[in-house]
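The structure under discussion appears below in the form of C-alpha cells.
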Amino acid sequence: MSRTPAAAGGLSPAGNEASSGPARRPFRPGSDWFFHGTFIGLSGTYTLLIVALLAADIVSTSPQHLVDALTKPEIRFAIWLTLVTCTIAAVLSVVIAVPLAYLLSRHDFPGRRAVDAILDIPVVLPPLVLGLSLLILFHLPVAGGTLESFLQRWVGIRVVYTPVAVVLAQFTVACAFAVHSLQVTFDRINPRTELVARTLGCRRGQAFRLVVLPQAWRGVVAAFTIAWARSLGEFGPILVFAGATRMRTEVLSTSVFLELSVGQLEAAVAVSLLMIAAAVIVLAIVRQLGGKVA
Amino acid sequence: MLEVRGLTVESGSFRLQPANATIPAGRYCVVMGQTGSGKTTLLEGICGLRKVTAGEVLLDGVDITRASLAARGIGYVPQDLALFPTHSVRQHLAFALRLRRIPAGEIKARVAALAESLEISQLLDRSVEKLSGGEARRVALGRAVSFRPRLLLLDEPLSTVDEATRDRLCDVLRRIQQDHGVTTIHVTHSREEARRLADMLYVVEQGTVVARPLAVLQSDHPPTQKGDS
Chain W
667 MSRTPAAAGG
677 LSPAGNEASS
687 GPARRPFRPG
697 SDWFFHGTFI
707 GLSGTYTLLI
717 VALLAADIVS
727 TSPQHLVDAL
737 TKPEIRFAIW
747 LTLVTCTIAA
757 VLSVVIAVPL
767 AYLLSRHDFP
777 GRRAVDAILD
787 IPVVLPPLVL
797 GLSLLILFHL
807 PVAGGTLESF
817 LQRWVGIRVV
827 YTPVAVVLAQ
837 FTVACAFAVH
847 SLQVTFDRIN
857 PRTELVARTL
867 GCRRGQAFRL
877 VVLPQAWRGV
887 VAAFTIAWAR
897 SLGEFGPILV
907 FAGATRMRTE
917 VLSTSVFLEL
927 SVGQLEAAVA
937 VSLLMIAAAV
947 IVLAIVRQLG
957 GKVA
Chain C
103 MLEVRGLTVE
113 SGSFRLQPAN
123 ATIPAGRYCV
133 VMGQTGSGKT
143 TLLEGICGLR
153 KVTAGEVLLD
163 GVDITRASLA
173 ARGIGYVPQD
183 LALFPTHSVR
193 QHLAFALRLR
203 RIPAGEIKAR
213 VAALAESLEI
223 SQLLDRSVEK
233 LSGGEARRVA
243 LGRAVSFRPR
253 LLLLDEPLST
263 VDEATRDRLC
273 DVLRRIQQDH
283 GVTTIHVTHS
293 REEARRLADM
303 LYVVEQGTVV
313 ARPLAVLQSD
323 HPPTQKGDS
C-alpha cells in the first residue's frame, strides 16, 4: 500500500499536501453549470450526511442527559480508563513508530517491502478478527504453557480481560497508523541534512537527535494525536480481547455498546457526544499541525 | 595535501573509473565536466557519502578511505546546500563547534569572526528559511569551514545564483579559502567560476578524471580531456 494520507486513515500530518498542492482558485461556475452542478450535488450529499449524523446525535439528547451520564460512576470510570489507556497506547505507538518509520523512509533492506506490507495488516484487518487473533496469541499452547501464563508467572501480570489488554488492543491498531503518518513526515525531510551533519562531526544518533527530530517534531505530535484518536475509537478488538466488564475494562466505545444493550439510548448518545467532542478536538490539533509539518 | 589513488566509486549503474589526483595543501582545485560525467560521484566518494569499491583517499598522508564521515575532517557544501530548516544562521555556524565541546566564549568569538568575513553578521539570528539564495550559500559555506576542516568540498555551490551574486560569492570563496588555508575542490559547469578561482583544474568525462592546464579555460569552448580546445 502506498504511503499516502489515505493510508494513514486520512489523518496524516500531511495536511502537508496543502502547502505543496496546486493553488486553489475562487469558485466561478460560469458556463459549466452541468459539470459543477453534478460535482457539487455529489459532494454535498456526503457532507450533508456527516452533518446530519452529528445533528441527529445532538438533538437526540439534552444537557440533562449529558449531566446524568457524567455522574454515573460507570461512565466516569470509562472516561478515566479511556484517557489513561489511549494516552499509554499513543505513547507506545510513537516510541515504536519513530524508529520504524525512519528506517522504512531512509533505508532499503532485505524484506523491506514485506515489513511495509505487514504494517498495513492492522489497518485493513477487520477489528473483530484482530481482537480474536490477540486472544488466540495469548492462549496459544507453547512449551507447556501460554503467553498469558508465562507473563503471569514471570512478570506477575495478567493481560487478557484486563486494562492491559485494552492498551494492547488499542496499540496494535494505533501504531500502524502512527508509522504510516511518520513515514510521510520523514519522507519529506531532506536526508542530505543528516549526511551534512555527520560530516560536521555528528554520530548517527546525534544527527538524528539534533537535525532530524527538530524537523519532525510536529509530525511526531501529529502521529501521537492520530494514535490517540484511533485508540479512542477502537471497539472490536477491545470487546474480544479485553471484554466489556463495567468498572474494569469499560472504555467509552464499550460504554456506548453496553448502554445500548441495556436499552439506555439517551446515555449511549450522551457518551457518543463526548467521543465526538474528543474527536473534533483531535482533528483540530492535527489540522493545526498539518499545515506546519516539515 | 589530498591524494586520490585509483578511486573507484559506483552509483547505481554509473561507475567512476579508477581516478587519480593530487592536490597540494591549500590549493583551490576546480573540477569541470558535463552533467552526468561523474563530478558529484567523485566528490561524494572522497567525502565518504558513497561506498568506494577500490582505491584510496589520503588526506595529509593519512588514509581516510574507510574512515567515518565524522572522523574525516572534511567540510562539505552539497548542491542543494542542505541547510537545517529549524536552525538559525548563528546555530549553523556554531553547530560543528558545539559538537567539539569548544567553550561558549570561544564559539561566540569564532562565529562572530566567521560571520563578519562572510558578510552575514546582520543575519545571525535569522531563520535560514528567510534567506536569499546568495545568503543561504554564505551560510552553507560558513557551516562547512567553521570547524577548520583540512579539506573543503563544494558541489556546484554557485549554480543557481545570478551573475552579480556569483561574482560577489567568488570573492567570498577565495577570501575564505585563503584565510583558512584549506585545500578546496570546487565542482562547477561554469568556465567563468573556474577562471576566477582555480589554482588547478581537473576534467571529468564519462567517469574518467584527467588533470588539465589552466590555459584551456581561456578558450571559448568547454574544457575537454583531449586537446587544448
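Chains as they are written, first to last, in our numbering: chain W, 667 to 960; chain C, 103 to 331. Beta carbons are placed, not taken as given, at the ideal position from N, Cα and C, and that holds for glycine.
- What is the rounded straight-line gap between the Cα of THR267 (chain C) and the Cα of ALA882 (chain W)? 33 Å
Mind checking whether LEU254 (chain C) and GLU237 (chain C) have CB atoms under 8 Å apart? no
- Task: Buried or exposed for VAL928 (chain W), please, with buried defined as at least 16 other CB atoms from any protein chain shown within 10 angstroms of its CB.
- Result: exposed
Assuming LEU801 (chain W) and PHE901 (chain W) make a contact with CB atoms under 8 Å, what is their CB distance in whole Å? Wrong, their Cβ atoms sit about 15 Å apart, outside the cutoff.
Open item on the list: Is ARG659 (chain W) close to chain C? Criterion is C-beta to C-beta, closer than 8 Å.
Closed with: Examination of residue 659 (chain W) is not possible in this model, given that chain W is present from 667 through 960 alone.
If we cut at 8 Å on Cβ distances, does ALA684 (chain W) have a partner in chain C?
-> Note that ALA684 (chain W) has pLDDT 38, beneath the 50 cutoff, so the model's placement of it is unreliable and the number below is only indicative. Closer than 8 Å: no.
3-residue-minimum beta strand (DSSP E) runs that sit fully inside the region 137-182 of chain C, ordered along the chain: 154-161, 176-179
Check: So what does DSSP say about MET941 (chain W), is it helix, strand or coil?
Finding: helix
#### Entry: According to DSSP, residues forming a beta bridge with ARG288 (chain C)
Note that residue 288 (chain C) is His in the sequence shown here, rather than Arg. DSSP output for HIS288 (chain C) lists C:VAL132, C:LEU256 as bridge partner(s).
Margin query: Tell me which residue opens and which closes the alpha helix (DSSP H) that ALA721 (chain W) is part of.
Written below: 699-725
- Which one or two residues does DSSP pair with LEU104 (chain C) in a beta bridge? According to DSSP, which records beta bridges pairwise, LEU104 (chain C) is partnered with C:ILE125, C:LEU161.
Relative to the C-alpha of TRP746 (chain W), which residue among W:VAL922, W:LEU817, W:MET913 is closest?
W:MET913
Tell me which residues share the same chain as ARG669 (chain W) and place their Cβ nearer than 8 Å to its Cβ, disregarding the 5 neighbours each side in the sequence.
At ARG669 (chain W), the pLDDT of 45 sits below 50, so the modelled position is not reliable; the number obtained from the coordinates is stated separately. Cβ neighbours of ARG669 (chain W) beyond the five flanking positions: HIS846, GLN849, VAL850, ASP853.
- Query: Relative to chain C, which residues along the region 838-859 of chain W have a C-beta separation below 8 Å, given in chain order?
  - Reply: ASN856, ARG858, THR859
Item to complete: Note down, in chain order, every chain W residue with its Cβ under 9 Å from the Cβ of ARG180 (chain C).
Response: In the sequence under discussion, the amino acid at residue 180 (chain C) is Pro, which differs from the Arg named in the question. Those are ARG858, LEU861, VAL862, listed as they occur along chain W.
Collapsed DSSP secondary structure at TYR768 (chain W) in the structure displayed:
Reduced to three states, the DSSP call for TYR768 (chain W) is helix.
*Would you kindly work out how many angstroms separate the C-alpha atoms of GLY156 (chain C) and VAL878 (chain W), rounded to a whole number?*
In the sequence as displayed, the identity of residue 156 (chain C) is Ala instead of Gly. Rounded to whole angstroms, ALA156 (chain C) to VAL878 (chain W) spans 32 Å at the Cα level.
Handout entry: Pick from C:ALA317, C:GLY309, C:GLN320 that is closest to LEU109 (chain C), judged by C-alpha positions
Key = C:GLY309
*On the premise that ALA300 (chain C) lies in contact with TYR130 (chain C), defined as a C-beta separation below 8 Å, what is that separation, rounded to the nearest angstrom?*
6 Å
Open item on the list: Residues in the same chain with beta-carbon distance under 8 Å from ASP182 (chain C), minus the five sequence neighbours each way, listed in chain order, please.
Closed with: Counting only Cβ-Cβ distances below 8 Å, and skipping sequence neighbours, we find nothing.
What residues from chain W crowd round PHE249 (chain C), counting only those whose CB sits closer than 8 Å? LEU866, GLY867
Whole angstroms are fine: how far does the CA of VAL833 (chain W) sit from the CA of THR920 (chain W)?
14 Å
THR124 (chain C) and VAL289 (chain C): beta carbons closer than 8 Å?
no
Query raised in the report: Closer than 8 Å, CB to CB, is PRO880 (chain W) near chain C or not?
Result: yes
>> Counting C-beta neighbours from all protein chains within 10 Å, is the total for LEU715 (chain W) 16 or more, i.e. buried, or is it exposed?
In response: By the neighbour-count definition (other C-beta atoms within 10 Å, threshold 16), LEU715 (chain W) is an exposed residue.
Going by DSSP in three states, PRO120 (chain C) sits in which element: helix, strand or coil? strand
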